[in-house]
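K.L.:
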Amino acid sequence: MTKHRFQARQSRSTLLADTRGLSTVEYIIILCLIAVACFGIWLQFGATVRDRIAESDATMGTMTGAP
Numbered sequence: 007m008t009k010h011r012f013q014a015r016q017s018r019s020t021l022l023a024d025t026r027g028l029s030t031v032e033y034i035i036i037l038c039l040i041a042v043a044c045f046g047i048w049l050q051f052g053a054t055v056r057d058r059i060a061e062s063d064a065t066m067g068t069m070t071g072a073p
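Residue 7 is where the sequence shown starts when you use the working numbering, and the numbers rise one by one after that.
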């Protein structure tokens, strides 16, 4: 039983000291932040396009065609 506790404690300290995966986690966090920013920009861009189309539609609706 004591041997298992020692191994578990040693495994935890080894795991906490291991930094090999940190750069991968940092890249994933940066990628997620960029994705959120792009999503916000895309929503804003979509709203702008929607407004411009509505303005064009209103302008076209007021035009009268020559018979």
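Every residue, glycine too, gets a C-beta built ideally from N, C-alpha and C.
1. Could you check the C-alpha separation between P61 and W48 for me, to the nearest Å?
2. Quick check: what's the CA-CA separation for S19 versus T30?
3. Which class does D57 belong to by DSSP, given the choice of helix, strand or coil?
4. Helix, strand or coil for R26 per DSSP?
P.N.:
Let me lay it out:
1. Contrary to the premise, residue 61 reads as Glu rather than Pro in this sequence. Rounded to the nearest angstrom, the two C-alpha atoms are 20 Å apart.
2. Cα to Cα, the separation comes out at about 20 Å.
3. Note: D57 maps to helix in three-state DSSP.
4. Coil.
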